[in-house]
Structure formats: C-alpha cells, structure tokens
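Participant: Heads up, the numbering used here is the position in the sequence shown plus 26, with the first residue counted as 1.
Structure provided below as structure tokens; questions to follow.
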Amino acid sequence: MRDAAPTTIYLKDYTPFGFLVDSVHLTFDLAAHATRVTSRIAFRPNPDASDHQFFLHGEELKLIRASIDGATISPEVTDKGLTADVPTAPFIWEAVVEIDPGNNTALEGLYMSSGMYCTQCEAEGFRKITFYPDRPDVMSTFTVRIKGDLPVLLSNGNPSDQGEGWAEWVDPWPKPAYLFALVAGELVAHSDHFTTMSGRDVVLNLWVRPGDEGKCAFGMEALKKSMKWDEDVYGREYDLDVFNIVAVDDFNMGAMENKGLNIFNSSAVLASPETSTDMNFERIEAIIAHEYFHNWTGNRITCRDWFQLCLKEGLTVFRDAQFTSDMRSAPVKRIHDAIDLRARQFPEDNGPLSHPVRPESFQEINNFYTSTIYEKGAEIIGMLKTLVGDDSYAKALDLYFERHDGQACTIEDWLQVFEDATGRDLSQFKRWYSQSGTPRLGVSEDWADGTYTLTLRQRTEPTPGQDEKLPQVIPVAVGLLGPNGDELRETEILELTEAEQSFVFSGLPAKPMASILRGFSAPVILEQDHSDAERAFLLAHDTDPFNRWQAGRSLVQDTLLRMITQDATPGADYLDGLLAVLLDADLDAAYRALMLGLPTQSELAAALHEQGHTPDPMAIWTAIETLRQTTAQHVQDLLPRLHSETVVDEPYAPDAQQSGKRALGGAALALTTRLDGGAMAAQAYTRADNMTQQLGALSCLLRAGKGKEELSAFYDQWRHDRLVMDKWFGLQVSLAAPDAAAQTARTLTEHADFNWKNPNRFRAVMGALAMNHAGFHAAGGAGYALLADWLVRLDPVNPQTTARMCSAFQTWKRYDADRQALIKTQLQRIANTPDLSRDTTEMISRILNA
Ligand code: BES
Ligand code: ZN
C-alpha cells in the first residue's frame, strides 16, 4: 500500500525520541522467503524528551509476537509502524517478525543478491528489518546472532562467538540503526592486517564471490592507505579488531559505511588491470577511503536527523578529496572536482531540484543524497578551511572529535567548534547551508597610478522557495600577474561579504592581470568578460595550475558558443594556446590531457540558456565535432610525439603517473582517429593488454562509426564478467550518433544480458542514454519516451534507482517549446502512473513544477 497524499517532514519539527535505547539484541533465522528476526531491546524513558509516546517504525513486516517485560502485548500496527502502551520505567521490548528478503527488489532492508543475504539500511531501511526507532539520534550497542546454513555470517563489530550454522557479533560502539549490517553467503576473503598507531592489530577482510579473488588486491591496498592517512592527517585510529568489506552485485549506491562492515557495489571495489579502467581504479581508491573515513565522520559522530546529512557526507567527501590529492596530483584532483561540480551540482542548483545544503523539508530522504549535499557540502568545508587557515582547521577538528564523540550532531555543533577554536563569528558563513542556488561573481577593475582596484559583486538568482538572497561569505583567491607573466602578487584570499566590495592593491609597477578564483576557491560562477587574448595570456602564464586550466576551458567554451550562435570558426588563440600547452614537457601528462577536454554538451546548453539562447542539441553536437576535427588538424604534427611520449614501458600500474600518460595517449588517439579513420585505433585495440586502452581504442572506433567486429569480439571475450559487460552496454549508448541513440538503447534492452533489475546494468543503458545529450534530446522525443517507459517499469521494483534517474529531466525548461512539450508529456505520464512510489512522485512533481 502506498500513501495517497505524501507527507512532508520539516527540520523545524524536530523533537527527540521519548526513549533511550541501552542495548539491542537481534537474532536472525535466515530463510529466503521467511527470515525470522527476533529483537530484544532495552528501553528507558528519555529525560530530555517531553513526548513519551511509544512509536516504533516498521514497514513490510509480519509481526509474529511482541512482549514488554515478558508479557505478550497486541500493539496497534499500521503500514508505518506500531504504537504500544509502555511502562514509565525502563523496560524490555521483545518482538519476532518475519520478512521476505528473496522478494526484496528495492534493495533496501534485508535482500538477496546472487544467492547472498545483505542489507542496506541508510537512510530508513532498518524499519524493513524489525520494529525500531529508526532515526539517527537513537544510538545503541548491538549484539547480533545469525543462524543460517551459509559458510560466512557477518555483522557489525567484533566476532564474539560461533558454532555450526551460527555466528554472533558484538558492536561495542553505540550506533544508529542505519549503520546496522548483516551479510551471509558463500564468500571468500582476501585478507590482510593493519597495525594502528597505538599498536593494535586489525584484521582486514575483503569478502567476494568465488571467482572474484583476483580483483581484491587494489581495494585492500587502498584500505590500508586510508587507515594510515586518517591517522597521520586527522589523528583518527580505527576502533575494532576487524574491518570487513563485502562486494555485492546488486546495490543502489556506490558503497555504504556500516560500522565495521562496509558493503560495496562490486563496481566500486573490484578491480583488475584487464577489467578496470584507470578511472575505475581512481574511483575505487576514493570510495574505499570515503567509507572508511566515515568511521569517524558519520559513525563515531553521527547526524541528529537527516536534514544534517551534509554533516557527515560533505565532510567525508572533503576528507576523501584531501586523501586523493595526497595520493595523486592535487591540481588534477581539484580540476576533476570542479568539472564534476559544474556538470552535476550546478544544473541541480539552478533548476527545479535546487535545495539548500541543509534542506528544511523533504518527502523522501533518499531523494536528498544529492550532488548539492555531497559536493557543495564538501566545498563549504573547503571554504571554511581556507577562511580559518590550516592550523585553525586542525584545531577545530580536534575539538569536534573530542567534544562530540558518541553523539548525534547538527550543523550548529559543527560551526560552534570552529567559532570556539578561532573566535570567529560564522553567522554569515552559515548562509551557505541555508541558501540554495549558485552565487554569481561579477568582476570589474580600475587602474590608476600604480593602484589596482578590483571590485567584486555577488548575486544569486531566486530558487524554488527562496526569492530573496542575502550576500554570502565568499573566499576569493586572487593573484596578480605582470605584463610579462611574472607574478606581481602571490595568491591572497579576499573575503567578499557584501553584495559589492572593492579591494585595493597599490604600489604596482604595471597594470596587472588578475587571476581570480584560484584553485576554484568557492563554488560560484565567475562572470568575467575576458577577451580571447586575455584568456590566452592566462593560459600561457598563470602560475596557479587550476586557473591556467580554467583559462583554456573558458577559451574553448567561448569558442564553442560562438561557433553555435555566430557560425564562427575556432580561433588561433585557442588552437595555438592548446598547442603550446601540449608541447610543454614541464606539465605532467594528466594535466595536459585535461587541457584537451571540452565542456560537456549539457554544460554548453546551460551556458547558451544563460546567454538568452535556446540551446539546440544538434547544433551543440555539431560544434563539438567540428572543433574536434579542427583541433586534430591543427595539432596533427604533434600527434606522433604525443604517442611516443605516452608509451608506458613498465608493467601496468593504476597510479597517477601511468594513468596520466594513458589519458593523454588516449586523447591523442581520439584525435588521430579523426585523421586516419581508425587505422591506429584498430591496432591499439588488438595490442591493448589493459581495459583502459582496450576500451579507449574501442571508443575511438565506435565514435568513427567503425568497430563492429571489435565490439562483438569484446562481447565474446568478456561476456562472463558483469562489470565489463556494463561497460559494453554503456559504451554503445554513450557513443551512438544522435539519431541512433534511442534505438541503440532500445535494442540493448532486448539483449539477453540486459538484466534491468540490476541497478548497474539498468544505469549502464538508461544512464548512458540520459547522458548522451544530443541523442537523448534528438528531435521527435524517442529518447524521452524510452526513458519514461523504463522508469515506469522500474518504479514498483526499485523506487530509489527510478527516482534518482528522473533527474535526467531536470533541465527541461532550457529547451525549445517542442522539446518541452514532449518532455512534459512524459513527465505527466510518469506522474499519472497508478501507485507510483513516494520517491518518484516527489521527484517528478518537483521537476514538473519548475
Ligand atoms: N552513506 C553513503 C551511502 C548511501 C547513500 C546510503 C544513500 C544510502 C543512501 C556513502 O557513504 C556514500 O556517500 N557513498 C557514495 C560514494 C562516495 C564516494 C561519495 C555513493 O554510494 O555513491
Ligand atoms: Zn558517504
């Protein structure tokens, strides 16, 4: 049964739960269609609460019996939970429920994946396992006994006892129910160990299905590096005797930080050189770090309520970004993050789904695991660190861990430690958490008698529910360059706090060129009217690697926009500037590869929309094709040199150095393919001994309309490997020509290996369709209709994954009237589907009400 009228939850309505939980004992009798869960929970009245109504969440549970202090009761049960009369003194709640993991396709609660039992409880999945106060501010120790005829039985904490067909686990650290986990299956372990800073030995296991043992080594190394890094940089030590990671094939998200038992989408942990790309390796290293770092930022200190989600996610994304910067190249990581933020967070923040980093209301919390809460949330931490400085940041974090260990906290608690550690007033800074929308930064300058005045202006467009915006605290990193490219002033942080503010630099020998927003010091849109020549100057001379890249990016974006709106041809400033960068052997390969990147078609559509044009997806696609062709011709003579410079002689390693070379080599191959029709790519395909190069070569061929044979050889070679087959499905849709994308996707949905109930496979096809901008938006609307068909079909099976994919439609108001009408028809069709989930209902109504 689904809700007739969805209810909205408000942050302002928060009240503590009426009871505290002193301990939880759970026993699981596993059976695919009738698992029995017995709970024994010690409650006592919460002295800090005023409401002592006893309500326990519970959904899709069959209550077998319940008792209080040993006396059987008949509580009132609805589809949301139960209420009961309880003593005013401490009492023991006991219940037995039955659940059906074998039919749980939503992948939330206890479910089955490839014959194994596993759980996903964040955010509100524990209520599908047993009756419980399923809210993050209720924390307790857990003891879990698992009975089942499977060889491996895992839960949180440390193993305490075991026998034939059962195992018991004790987690001594109080935790909210969303961090509960259970896994049972025929699994094999890749094991290692780690000695912590205080000398304790921790057993590390990566549990996988038999056959996947060869894909564990990299993840294990990443885990050990993460553990060491968190000790070295944050002074955080691991706190159990064992750390288990399990890989599962069916998982809605990337990975989950359950205490002592992280559960990973197999795509986010399993890797080998033959089956994984360099990008896969980098992502795996980051996700392992991320989930491990949650042990302190999320688990030991958790969130009071789900409105505070950014407290753990923003901070942990920030921490994993720091880790990646330290393990790899800091400028390259920063550029990647800026690209991602602009590609994913900016459209969200400037469209119908815009919401504050700390939202004030929601209908379905699963819809708020967004790029805004994660990535903008991480940017806020970065700005805070920039504003207070590294030493104060470290002091504040020490205070945070000391003051709040074991607690469920709020953003107010977080900011308070910074105020206490630094004496700074952060009340204006706090607007970053409450105001949605991306601030725009305007710039004007003045030069007279050796004095340079930089005037900065900020403005944020209205967003849903927020018409008036107040000025935010924006740290703007600025450096000044002289006419010959020398640095006249090193980077300094200007604190913009007013709507408009001027900053004066005096005693300068010559009119400087300002390099603004260095290192992407704030998640804002910089609106600066530079000429191509000025951008080319910064591209050649900026001493800040981020802004040097940014100069090239702006130059190429302006070039493309002029090609689209004015039929212009690519100018020499861009083409020669690019050539100079590619020739600069002082720049590392990864950085040079980034310089060859282009804004996405969707970003160009957004930019056109901002300029008052209606984006034409086909015109955008054509401009990119033309620019690529022109670029290939322009750098033609350099290509042989790039190919030889990027040969890797050593055995494959997914490190920053080698993957940078392969990225540049791959970009060079793509350009070469535009000149030789695919001859070199065909050779590269045959020669490739790793997935990065195999997939890279295949992509070149498919983009050139070739590669039929290679594509089927690839299938034959990899049909046994699900993760590689996801790539095979995805690639065909991503690289399909605009007029063929929807048909290609449709044909693939009829393929015997298209298992649409598996989120990875579903996303491989439908996610790729939504990302193929010109294909998805091809005239006629076949792409829209196909995606809508599949969302309607998936919704009753897996609402979470369905709802997330609705965001493909969030930008619909940018496009022409025909496309808007076509999309609207599909949105309404989805909205009118009987019994649509709460998840999808909320997403579609927000998008429709744009
Ligand atoms: N806590 C989340 C996983 C999660 C998200 C569970 C939504 C339930 C609902 C986890 O820490 C996470 O953030 N995972 C990310 C990857 C990470 C590297 C940003 C994910 O799963 O995509
Ligand atoms: Zn997380």
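Cβ coordinates follow ideal geometry from the N, Cα and C atoms, glycine included.
So if DSSP puts Q188 in a beta bridge, which residue, or which two residues, is it bridged to?
Facilitator: Paired residue(s): A193.
Participant: Can you name the start and end residues of the beta strand (DSSP E) that S532 belongs to?
Facilitator: Looking at the DSSP string, S532 is not in any beta strand (DSSP E), and its letter there is neither H nor E.
Participant: Taking contact to mean at least 3 C-beta pairs separated by less than 8 Å, is the segment 47-61 in contact with the segment 119-138?
Facilitator: Yes, they touch.
Participant: Return the bridge partner residues of F168 from the DSSP annotation.
Facilitator: Answer is V50, D197.
Participant: Using a 10 Å radius around the Cβ and a threshold of 16 neighbouring Cβ atoms, would you call D844 buried or exposed?
Facilitator: Label assigned to D844: exposed.
Participant: Consider the C-beta atom of T396 and the heavy atoms of ligand 2; say whether any pair is separated by less than 7 Å.
Facilitator: No, the Cβ of T396 stays beyond 7 Å of every heavy atom of ligand 2.
Participant: With 16 other CB atoms within 10 Å as the buried threshold, where does S380 fall?
Facilitator: Buried.
Participant: Would you mind working out which of D558, V582, N184, E390 sits nearest F333, comparing C-alpha positions?
Facilitator: That would be E390, whose Cα lies nearest to the Cα of F333.
Participant: So does E405 have its beta carbon nearer than 7 Å to some heavy atom of ligand 2?
Facilitator: No, the beta carbon of E405 sits no closer than 7 Å to any heavy atom of ligand 2.
Participant: Who are the Cβ neighbours of E150 in its own chain at under 6 Å, not counting the five residues just before and after it?
Facilitator: Contacts found: D160.
Participant: I need the straight-line Cα distance from P162 to L605, nearest angstrom please.
Facilitator: Their Cα atoms are separated by approximately 54 Å.
Participant: Which residue or residues does DSSP assign as beta-bridge partners of T885?
Facilitator: Not covered by the structure: residue 885. The range shown for the chain is 27 to 876.
Participant: Kindly examine ligand 2 and report whether one of its heavy atoms sits closer than 7 Å to the Cβ of E308.
Facilitator: E308: no, Cβ never under 7 Å from ligand 2.
Participant: Who are the Cβ neighbours of K753 in its own chain at under 7 Å, not counting the five residues just before and after it?
Facilitator: Excluding sequence neighbours, K753 sits near L721.
Participant: Are at least three pairs of beta-carbons, each pair with one atom in the segment 849-858 and one in the segment 418-434, less than 8 Å apart?
Facilitator: Taking 8 Å as the limit for Cβ pairs, the verdict is that the segment 418-434 does not touch the segment 849-858.
Participant: Which term fits P236, buried or exposed, when burial requires 16 or more other beta carbons within 10 angstroms of its beta carbon?
Facilitator: Classification of P236: exposed, given that the 10 Å Cβ count is below 16.
Participant: Let me know the secondary structure DSSP gives P501 once reduced to three states.
Facilitator: Strand, per DSSP.
Participant: Here's the rule: buried if 16 or more other CB atoms are within 10 angstroms of the residue's CB, otherwise exposed. What is W473?
Facilitator: By the 10 Å Cβ count, W473 comes out exposed.
Participant: Whole angstroms are fine: how far does the CA of L813 sit from the CA of I361?
Facilitator: For I361 and L813, the distance between alpha carbons rounds to 31 Å.
Participant: Cα-Cα, which of D779, A730, Q554 is closest to A762?
Facilitator: It is A730.
Participant: Going by CA-CA distance only, name the one from L52, E868, Q846, L367 that's closest to S547.
Facilitator: Among L52, E868, Q846, L367, the Cα nearest to that of S547 belongs to L367.
Participant: How far does the alpha helix (DSSP H) with I399 in it reach, from first residue to last?
Facilitator: Taken as a continuous stretch (DSSP letters only), I399 belongs to no alpha helix (DSSP H), as it is neither H nor E.
Participant: Please confirm whether any heavy atom of ligand 2 lies closer than 7 Å to the CB of T342.
Facilitator: Within the cutoff, so yes.
Participant: Quick check on the DSSP output: the alpha helix (DSSP H) that includes I155 runs from which residue to which?
Facilitator: Run containing I155: none; DSSP gives neither H nor E here.
Participant: Would you kindly check if the distance between the Cβ of T486 and the Cβ of R466 is under 8 Å?
Facilitator: Yes. Within cutoff.
Participant: Can you give, in chain order, each stretch of the beta strand (DSSP E) that sits fully within the segment 501-584 and has at least 3 residues?
Facilitator: Whole beta strand (DSSP E) segments, 3+ residues: 513-522, 526-531, 539-542, 551-553.
Participant: Does ligand 2 have even one heavy atom less than 7 Å from the beta-carbon of H381?
Facilitator: No.
Participant: In whole angstroms, what is the alpha-carbon distance linking H316 and T479?
Facilitator: Cα to Cα, H316 sits roughly 42 Å from T479.
Participant: Considering only their Cβ atoms, is the gap separating A707 from L695 smaller than 8 Å?
Facilitator: Closer than 8 Å, so yes.
Participant: Does the Cβ-Cβ distance between A796 and A834 come in under 8 Å?
Facilitator: Yes, Cβ-Cβ distance for A796 and A834 is below 8 Å.
Participant: Looking only at its chain, what residues have a beta carbon closer than 7 Å to the beta carbon of T323, apart from the 5 residues adjacent to it on each side?
Facilitator: Counting only Cβ-Cβ distances below 7 Å, and skipping sequence neighbours, we find K338, L341, T342, R345.
Participant: Quick check on this structure: which residue in N716, P764, G733, R745 has the alpha carbon closest to the alpha carbon of P299?
Facilitator: Checking every option, the nearest Cα to that of P299 belongs to N716.
Participant: For L664, which residues in the same chain have their Cβ closer than 8 Å to its Cβ, ignoring the five residues on either side in sequence?
Facilitator: Same-chain partners within the cutoff: L605, L608, L609.
Participant: Grab the span of the alpha helix (DSSP H) containing A243 for me, first residue to last.
Facilitator: Start and end: 243-260.
Participant: Just curious, the alpha helix (DSSP H) that I310 is in, first and last residue?
Facilitator: Here the alpha helix (DSSP H) through I310 covers 304-319.
Participant: Assuming D439 is part of the alpha helix (DSSP H), what are its boundary residues?
Facilitator: Note, D439: alpha helix (DSSP H), 437-448.
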